[in-house]
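What follows is a short report on a single structure.
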Amino acid sequence: IAGITQAPTSQILAAGRRMTLRCTQDMRHNAMYWYRQDLGLGLRLIHYSNTAGTTGKGEVPDGYSVSRANTDDFPLTLASAVPSQTSVYFCASSDSYTDTQYFGPGTRLTVL
Amino acid sequence: GNSVTQMEGPVTLSEEAFLTINCTYTATGYPSLFWYVQYPGEGLQLLLKATKADDKGSNKGFEATYRKETTSFHLEKGSVQVSDSAVYFCALRRYGGATNKLIFGTGTLLAVQP
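Taken in order, these protein sequences are the chains called G and X. Just so you know, the first sequence maps onto residues 71 to 182 in this note's numbering. Just so you know, the second sequence maps onto residues 2 to 115 in this note's numbering.
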């Protein structure tokens with residue numbers, strides 16, 4: 071069982087470019103999340119999805135969009151990247167009826 | 002609103018020293034509390050959790066007790082090892098929230114020297 075996979079592992083991107091970060095889980099969890107991790111700020115929730123077909127905004131959603139077409143995949147898109155979106159991005163998932171969230175290995179994104 | 006405050010690092014200890022990382026929270030209702038650990042180059046892993054007052058979470062020699070009277074969930078370990086070097090995050094989930102989302106503290110870097 072792989073758990074949660076994220077791709078790419080790292081990426082350097084020019085400002086203004088479009089970028090999609092991929093996240094796939096094989097645990098059949100209903101809920102999925104995207105966080106960004108910044109030094110001194112901890113992890114902040116960008117978007118979440120309680121179940122396939124639904125999404126919601128977290129603390130810092132501006133500049134990001136998500137979709138949840140099926141249970142396994144939860145891509146995060148930056149429509150037009152800006153340098154302030156330089157961060158490490160973590161995808162997570164959880165079963166709807168428990169608290170435990172399982173995290174992917176992260177994607178390090180640098181926007182120049 | 003809901004928030005988590007944890008002690009700033011880095012915390013540098015010698016092997017076999019006693020560890021305490023302080024965590025306090027602000028929340029309405031009765032949140033569940035968590036400690037996550039992030040080893041270098043990896044994602045976060047759940048270390049332990051407690052879901053109600055006076056519960057003690059424990060794992061890998063780490064412990065934390067849910068103290069409602071002091072709104073605290075301090076992480077302790079009696080004898081740290083070099084392999085415990087990591088970033089530790091305290092987090093809460095408020096029961097009854099619209100979604101199962103976690104609110105994290107800023108993280109505390111622990112460096113254990115041999």
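The beta-carbon is built from N, C-alpha and C at its ideal position, and this holds for glycine as well. The structure presented is a predicted model; accordingly, all values stated were derived computationally and were not measured.
What number of angstroms, rounded off, separates the C-alpha of residue i from the C-alpha of residue j?
i	j	result
residue 68/X	residue 129/G	27 Å
residue 6/X	residue 81/G	31 Å
residue 152/G	residue 109/X	28 Å
residue 39/X	residue 166/G	23 Å
residue 99/G	residue 34/X	21 Å
residue 15/X	residue 32/X	34 Å
residue 119/G	residue 115/X	43 Å
residue 25/X	residue 106/G	22 Å
residue 143/G	residue 107/X	28 Å
I need the DSSP call for residue i, collapsed to helix, strand or coil.
i	result
residue 95/G	strand
residue 81/X	coil
residue 155/G	helix
residue 112/G	strand
residue 130/G	coil
residue 80/G	strand
residue 121/G	coil
residue 60/X	strand
residue 101/G	strand
residue 26/X	strand
residue 95/X	coil
residue 33/X	strand
residue 173/G	strand
residue 107/X	coil
residue 13/X	strand
residue 54/X	coil
Taking the beta strand (DSSP E) that residue i belongs to, which residues open and close that run?
i	result
residue 146/G	146 to 148
residue 102/X	Per DSSP, residue 102/X belongs to no beta strand (DSSP E) and is neither H nor E.
residue 75/X	No beta strand (DSSP E) contains residue 75/X, which DSSP labels as neither H nor E.
residue 165/G	Where residue 165/G is concerned, there is no enclosing beta strand (DSSP E), given that its DSSP letter is neither H nor E.
residue 4/X	4 to 7
residue 86/X	No beta strand (DSSP E) holds residue 86/X; DSSP gives it neither H nor E.
residue 67/X	It is not in any beta strand (DSSP E) - residue 67/X carries neither H nor E in the DSSP assignment.
residue 137/G	Residue 137/G -> no beta strand (DSSP E), and no H or E assigned at all.
Grab me the residues of residue i's own chain with a C-beta within less than 7 Å of its C-beta, minus the 5 sequence neighbours each way, in chain order.
i	result
residue 92/G	76, 77 and 145
residue 124/G	138
residue 71/X	none
residue 47/X	35 and 37
Can you find the residues in the same chain that come closer than 8 Å, C-beta to C-beta, to residue i, ignoring five residues on each side of it along the sequence?
i	result
residue 73/G	95, 96, 97, 172 and 174
Less than 6 Å between C-beta atoms, sequence neighbours within five positions excluded: which residues of the same chain meet that for residue i?
i	result
residue 28/X	3, 93 and 95
residue 176/G	158 and 160
residue 121/G	100
residue 51/X	34, 58 and 67
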